[in-house]
Amino acid sequence: MSNTETKTESSDSLITTDVETGSNDRTAPSNRTAVAARDLNVYYGDEQAIDDVSMEIPEKRVTALIGPSGCGKSTFLRCINRMNDMIDVCRVEGDVEFGGKNVYDGDVDPVALRRKIGMVFQKPNPFPKSIRDNVAYGLKIQGFDGDVDERVEESLKGAALWDEVKDQLDSSGLELSGGQQQRLCIARAIAPDPEVVLMDEPTSALDPVAASKIEDLIDDLAEQYTVIIVTHNMQQAARISDRTAVFLTGGRLVEYDDTTKIFEDPEEQRVEDYITGKFG
Ligand SMILES: Nc1ncnc2c1ncn2[C@@H]1O[C@H](COP(=O)(O)OP(=O)(O)O)[C@@H](O)[C@H]1O
Ligand SMILES: [Mg+2]
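Taking UniProt numbering, the leading residue of the sequence shown gets 1, the next gets one more, and so forth.
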């Protein structure tokens, strides 16, 4: 795996391999926090969607958010790059720290924040534009003054799509297959060189082969980016993530630990019940 080239910081921790969880590809602990939620509460009108969540998300690792439908996973994800700002009834209390700053401080520009914290959604949503323009979209907004074509190529390579589209950069992004469209959206998200990539169930609209390509890609992305992924697919969380956060009804974070620990020996009975399919 390509990860082996970069995990040089602590070679003596690279002894374990585990076929069931992908997390051991990056066994060296990440000692830097990319994003930290502190006493986060989120409401839609009177309804509470996130209940006093605090968690530290490690840099350049894959962190999975799992839990039953409606437990607040998407809400939590959207807090990180302030996408919830766009929902009128949504109110956020508490802090989300990123780069040593609370993203909810008055002087934070949400547009600049979203360049640093990109997002990929469940349904691939390319713009009705050429493949090139889809990827270059964020660069234009930020007034990027480097070589756009070079950055487009790098981003498409980073999204494992370049070889499939390099001869058709001027054709519409909408002509691609679903899996290719999702990789195009990933290329668009990484083009502005973010630090964090948020993904909300990025494979659930895809067939298994396309989904598997995205899973491989996520593993590669974590060499360079912090990846935070919501998934309802527990096998997927087990395969691709280093850390897993389990949310349960009411927007409570019930357990958050190394993925192997969550799936093999969780502390909470409720987590074990959820993972073994007793509810959810
Ligand atoms: N835009 C919204 N307006 C009002 N309520 C919402 C909105 N989005 C989510 N909710 C509510 O917040 C709770 C958490 O939703 P969500 O974050 O989408 O959960 P999940 O992603 O885990 O399925 C649910 O009760 C949902 O109905
Ligand atoms: Mg959701």
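Cβ coordinates follow ideal geometry from the N, Cα and C atoms, glycine included.
DSSP three-state assignment for Arg252, whether helix, strand or coil: strand
Neighbour-count burial assignment, Glu201, 16 or more Cβ in a 10 Å radius: buried
Segments of 4+ residues assigned as alpha helix (DSSP H) that fall wholly inside the segment 121-192: 131-141, 148-158, 162-165, 178-190
Distance, Ala245 Cα to Gln180 Cα: 28 Å
Quiz: which residues have CB nearer than 5 Å to ligand 1 non-hydrogen atoms: Tyr44, Ala49, Ser69, Gly70, Cys71, Gly72, Lys73, Ser74, Thr75, Ile87
Length-filtered (3 minimum) beta strand (DSSP E) runs lying within the segment 184-247: Listed in chain order, they are 196-200, 226-230.
Ile275 versus Ile240 - alpha carbon distance: 16 Å
Distance between Glu153 and Asn24 (C-alpha atoms, nearest Å): Bear in mind that the predicted position of Asn24 carries a pLDDT of just 47, short of 50, making it unreliable; the figure below should be weighed with that in mind. If you take the alpha carbons of Asn24 and Glu153, they lie about 30 Å apart.
DSSP beta-bridge partners of Tyr44: Glu47, Cys90
Cβ distance (whole Å) where Leu139 is taken to contact Val148 below 8 Å: 6 Å
Neighbourhood of Asn84 by C-beta distance below 8 Å, restricted to the same chain and skipping five residues each side: Val42, Thr75, Arg78, Cys90, Val92
Beta carbon of Leu198 nearer than 8 Å to that of Gly118: Yes. Within cutoff.
Check: Val230 C-beta below 7 Å from any heavy atom of ligand 2: Yes, ligand 2 has a heavy atom inside 7 Å of this Cβ.
Per-residue burial, Gln269 [other beta carbons within 10 Å of its own, 16 or more giving buried]: By the neighbour-count criterion, in which 16 or more other beta carbons inside 10 Å mark a residue as buried, Gln269 falls on the exposed side.
Straight-line gap, Leu176 to Ala160 (C-alpha atoms, nearest Å): 14 Å
With 16 other Cβ atoms within 10 Å as the buried cut-off, status of Arg188: buried
Three CB pairs or more closer than 8 Å across the segment 59-71 and the segment 213-222: yes
Residue span of the beta strand (DSSP E) that contains Thr276, given as start and end: That residue, Thr276, is in no beta strand (DSSP E); it is neither H nor E in DSSP.
The alpha helix (DSSP H) enclosing Val62, as first and last residue numbers: Element bounds for Val62: not the alpha helix (DSSP H) but the beta strand (DSSP E), 62-66.
Proximity test, Asp200 beta-carbon vs ligand 2 heavy atom, cut-off 7 Å: yes
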